[in-house]
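K.L.:
Dropping a structure here in structure tokens format, bear with me for questions.
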Amino acid sequence: VPFRGTQMLDSLKAAASALRATDTVVTHRDGTRTLERNGSQVETLPPPEVLPPALQERKRLCIKAERPPSWTLPPRDDFQLPPQASGALRVVTWNVWFAPVEADARMAALFSEALGAAPDVICLQEVVPALAVSIRSCRALRRAYAISENDVGSYG
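Residue numbering for the sequence shown follows the UniProt record's numbering, starting at 1 and increasing by one per position.
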């Protein structure tokens, strides 16, 4: 049996040597390109005029507000939660979008809408630190809800 295995290996090697060499152009993460043949680099090529999308620099959306938002919530001293229905848990989750565009108006509308649903739990994503301060300092919200003191980082 070992002899037969050696014959098979020799046969595979002979078949591989009969194959035509294949050139492969490899574009590396840094944008450089090389020509490889049989697994070995044989040449360095000039960079492409346009990088493939996966290697292009990511562009970040940057939205500038006309004026910086205050992230201050409107006073809601008259807010009252309705009596809790037994056996039901009402949850509202909302991505507040951390961008400053119309932030004050968006936050007023968001809390009006969210509180109008009379939820037992409100979960917010992308809360910036200034909004977290506003939420935590809102008497009406503190009266109705236990508010997390967890750090939101730059936004959370």
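Glycine included, every Cβ here is placed at the ideal spot set by N, Cα and C. Remember, predicted model here, so these are calculated numbers, not experimental data.
Hey, quick one: how far does the beta strand (DSSP E) through Arg33 stretch, first residue to last?
P.N.:
Looking at the DSSP string, the run of the beta strand (DSSP E) that includes Arg33 is Arg33 to Arg37.
K.L.:
Can you tell which of Glu66, Arg37, Glu36 and Gly31 has its C-alpha closest to the C-alpha of Glu49?
P.N.:
Among Glu66, Arg37, Glu36 and Gly31, the Cα nearest to that of Glu49 is on Gly31.
K.L.:
Compute the beta-carbon to beta-carbon distance between Leu73 and Ala108, rounded to the nearest angstrom, for a pair I have assumed lies under 8 Å.
P.N.:
That belief holds up - the Cβ atoms of Leu73 and Ala108 are roughly 7 Å apart, short of 8 Å.
K.L.:
For the alpha helix (DSSP H) holding Glu102, just list the boundary residues, first then last.
P.N.:
Element bounds for Glu102: n/a, residue is neither H nor E.
K.L.:
Report the rounded CA-to-CA distance for Pro47 versus Thr24, giving the unit in angstroms.
P.N.:
Spanning the two alpha carbons is a distance of roughly 15 Å.
K.L.:
Measuring CA to CA, which of Pro119, Val101, Thr6 and Val133 is closest to Ala88?
P.N.:
Here the closest residue by C-alpha is Pro119.
K.L.:
Assuming contact is defined by CB atoms lying nearer than 8 Å, are Ile147 and Arg139 in contact in what I supplied?
P.N.:
Not closer than 8 Å, so no.
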